[in-house]
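Since the structure comes first, as structure tokens, the remarks are kept for the end.
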Amino acid sequence: MIPYIRIKLTCCLIFPMLTFTTEAQNFLPPAIEWHGKSESLIAKATDPWITTTEKSGFVTTPDYDETMAWFKKLDNASPLLTMISIGKSVEGRDIFMIIASTEKNITPASLKKSARPLFLAQAGIHSGEIDGKDAGMMLLRDIAFGNKQTLLEKVNFLFIPILSVDAHERSSPYNRPNQRGPQNMGWRTNAQNLNPNRDYTKLDTKEIRSVLKVINDYDPVLYMDIHVTDGADYQYDITYRGIGKQGYSLGIRDWLETTYQTFTNDALKASGHLPGPLVYAFNDRDFSQGMTIQIGGPRFSDSYGDLRHLATILVENHSLKPFKQRVLGTYVLLENTLKLLATTGQSLKQITEKDKSNRMARFPLQWKVPQLKTAVGFDTRGIQPEINATAAPADSFQLAAIASVIRKSSVTNSDYVEWLGKPVKQTVADYKSTEPFDFISRPKGYWVPASCDVVIERLKLHGIKMAILTQPKEVTVEMYRITDYVFGDDNHHILPFQGHMQVSAATKSEIRKQLFAPGSVYISTDQPLGDLAVFLLEPTSKDSYFSWGFFHTIFERTEYIEAYVMEPMAKKMLDESPELRKEFEAKKAADKNFANNQFAILTWFYSKTKYYDERYLLYPVGREL
């Protein structure tokens with residue numbers, strides 16, 4: 001062991017000396033030269049409110065302290081803007097939000113009741129993808145001191161410039177090798193190494209808890225989450241989407257795909273940008289295999305917004321476009337969203353209220369692409385499509401692509417793609433129609449025991465309404481017994497994900513009389529966030545609290561029986577019950593491993609006794625039918 005340890009230590013010591021500093025930027029695909037009308041938005045060098053980014057020629061972006069000092073100065077100089085803290089990060093930094101409004105009273109309650117539609121936009125949930133921050137700085141400067149005060153005549157605007165503030169300060173030119181600028185980029189995960197962009201359901205991060213408090217307190221009519229892509233090359237610079245074809249908010253979905261998309265795309269094109277759909281290819285190296293839709297689930301902002309009936313736009317600017325082009329495109333996107341809400345915000349409010357009042361009796365937990373043999377989950381990149389010949393053929397569309405060739409690597413001896421920087425049109429199959437499956441019946445409500453206090457607190461953070469028991473209450477409910485389970489992700493990789501060990505399970509239902517202690521809660525599904533409650537509390541939902549590992553204690557038996565007791569008891573049970581003997585002999589015949597395993601046999605008999613833990617593998621949340 002000693003030589004082995006010495007070798008390991010030696011390797012660790014010399015490894016840093018073998019680290020190369022070759023710039024990834026030098027190996028990015030060729031950039032297509034771009035100029036557009038939106039370049040007129042850049043402040044002149046003599047403008048006292050020019051941003052650091054503009055001053056640098058869009059080479060750099062300001063750090064946290066400089067950004068907040070700039071906004072504070074802007075706040076002090078303009079009666080239209082107010083800067084507040086919406087929470088603190090784990091490292092103690094304030095998460096700031098800018099309120100832009102001409103209204104006299106800008107308290108959360110007042111803006112929530114206002115007749116004006118409210119637009120919430122956030123940047124920097126992935127702090128290296130920071131286009132939104134710089135675009136927002138420019139737009140709010142022009143609202144305060146330029147010619148764009150009219151944007152606030154009929155709309156109120158909330159803007160979070162940096163959500164993941166700690167990660168923003170883990171800045172480096174080596175953080176995002178697939179992105180063309182800025183020179184200094186933040187980190188993807190927060191100080192806890194958690195990804196806030198996977199946290200909308202489980203709520204482990206202070207960042208997302210802060211956002212949800214804003215959503216609950218202010219009740220925006222539209223929410224925008226601004227990112228930058230990774231991955232393949234194509235011509236579009238600003239890509240975005242609502243929920244797509246699937247969803248629980250059908251009115252909102254249609255508004256986003258018609259009214260919003262038409263207006264926004266026209267505005268972007270008029271400013272010299274090329275908007276497009278979010279590009280999710282089956283194979284990022286070969287678009288001809290077709291495009292699909294990513295069904296990420298409500299751990300992500302767009303699906304979460306859909307479940308809580310909040311119109312949500314997920315923006316993914318193209319990482320290989322120059323930083324200036326991306327920032328200016330985001331400015332146009334933000335500005336024209338405000339313009340659109342000024343004229344259609346009231347109709348969106350009405351559509352939203354209608355979606356909030358809908359109660360789906362058959363509630364789908366998953367969605368699939370019907371042209372494929374298998375359901376498509378979140379990450380489909382690199383997966384070969386299995387076309388179902390009996391299904392309707394896929395649609396097709398003209399992709400504004402970039403020419404590419406496949407090269408043979410001299411390093412790995414494998415194929416890789418080289419993007420050539422030349423625009424081409426490519427007809428590709430479009431597997432974007434979806435259909436729901438894995439239905440459950442919608443219960444009247446859920447009973448959550450007081451022992452699940454962590455889950456109860458997180459349900460409260462979502463804004464879900466509940467009644468709290470002050471006295472014990474016995475209730476007849478449907479409960480799930482876990483019949484089979486697998487720990488790990490969808491591919492059964494037994495590794496933690498986002499700080500949790502995930503689990504999937506098969507269940508059977510039982511009707512039980514269950515006593516709920518004081519502190520237990522009842523959650524009616526007849527409420528605006530009822531759909532969200534269903535999704536979070538059904539154990540077979542892939543983003544439920546069960547799936548995220550908040551109920552792992554049910555997998556552990558904590559009371560036992562000794563073999564010297566169980567052996568004679570089992571013999572007596574067989575002697576007294578011919579039916580049990582028949583069942584036992586059949587199980588042995590069907591399962592040789594069981595037949596030769598004393599522990600398994602005695603556990604089986606133990607489970608047939610009144611001494612067995614009846615709460616073992618019992619999901620403790622009750623469904624009221």
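Read in our numbering, the sequence shown has 430 at position 430, and its numbers run on one by one without any break. Glycine residues also receive a C-beta, built at the ideal position from the N, C-alpha and C atoms.
Integer-rounded CB distance, given that residue j should sit under 8 Å from residue i
i    : j    : result
T369 : A401 : Correcting the residue type first, residue 369 is Val in the shown sequence and not Thr. 21 Å between Cβ atoms; not a contact.
I561 : L617 : That pair is no contact at about 17 Å.
L163 : V211 : 7 Å
G297 : D543 : 5 Å
D655 : S249 : Because residue 655 is not part of the residues shown, which for the chain are 1 to 625, the question remains open.
G244 : I313 : Contact doesn't hold; Cβ gap of about 12 Å is too wide.
A467 : V521 : 6 Å
F71  : P161 : 7 Å
L625 : K444 : 7 Å
L340 : F287 : No, L340 and F287 are not in contact; Cβ-Cβ is about 31 Å, not under 8 Å.
Close beta carbons around residue i, own chain, < 6 Å, minus the five adjacent residues each side
i    : result
A517 : A450, P472
S78  : A144
G251 : I351, K354, D355
D613 : R557, E559
T330 : D131, G132, A135
A429 : G290, A394, S396
R615 : none
Distance, residue j Cα to residue i Cα
i    : j    : result
Y619 : G87  : 34 Å
I32  : D233 : 11 Å
L74  : M138 : 11 Å
E257 : T558 : 53 Å
G185 : T343 : Reading off the sequence shown, one finds Met at residue 185, where the question assumed Gly. The straight-line gap from Cα to Cα measures roughly 37 Å.
S301 : S409 : 38 Å
G463 : N216 : 6 Å
A115 : G345 : 10 Å
D63  : G128 : 11 Å
I523 : T609 : 34 Å
R198 : K113 : 31 Å
D531 : I226 : 25 Å
E169 : A191 : 10 Å
F53  : G136 : Note on identity: in this sequence residue 53 is Thr, with Phe being the wrong assignment. Rounded to whole angstroms, T53 to G136 spans 12 Å at the Cα level.
D379 : T82  : Low per-residue confidence applies at D379: pLDDT is 42, beneath 50, and the placement is therefore not dependable enough to give any value.
I208 : S171 : 21 Å
E585 : P578 : 11 Å
L461 : R326 : 34 Å
K8   : M501 : Because K8 sits at a pLDDT of 36, beneath the cut-off of 50, its placement in the model cannot be relied upon, and the point is left open.
V621 : S433 : 34 Å
D266 : Y223 : 20 Å
H273 : W548 : 40 Å
S414 : A24  : 20 Å
Same chain, Cβ closer than 7 Å to residue i, five either side skipped, listed in chain order
i    : result
E39  : L328
S319 : N178, Q179, R180, V228, T229, D230
W419 : P29, D233, I402, S404
D526 : R359
V534 : F363, R442, T525
L338 : F119, L151, V155, F157
Which listed residue (the options) has its alpha carbon closest to that of residue i
i    : options                : result
H35  : T344, F300, F323, K104 : F323
P539 : T483, K206, F584, S347 : T483
R458 : F546, K321, G124, M501 : F546
E316 : G57, K72, G124         : G124
E103 : L151, P173, L602       : L151
G242 : D430, Q502, L278, S509 : L278
I601 : A43, M566, Q122, S396  : M566
T470 : S414, K571, G519       : G519
Close beta carbons around residue i, own chain, < 8 Å, minus the five adjacent residues each side
i    : result
I383 : Confidence at I383 is low in this model, with a pLDDT of 42, below 50, so its placement is unreliable and the value that follows should be read with caution. Only F282, N283 meet the Cβ criterion.
S85  : D94, I95, F96, M97
L80  : A100, S101, T102, I143, A144, Q149, L152
Y218 : P108, L111, K112, L118, L120, L158
R381 : Unreliable positioning characterises R381 in this predicted model, as indicated by a pLDDT of 37, which lies under 50. A coordinate reading is not provided.
Problem - Any 3 or more C-beta pairs closer than 8 Å across the stretch 477-497 and the stretch 219-235 - result: no
Exercise for the section: Flag this pair as touching only if the stretch 430-442 and the stretch 41-54 have three or more C-beta atom pairs under 8 Å; answer yes or no. Expected result: no
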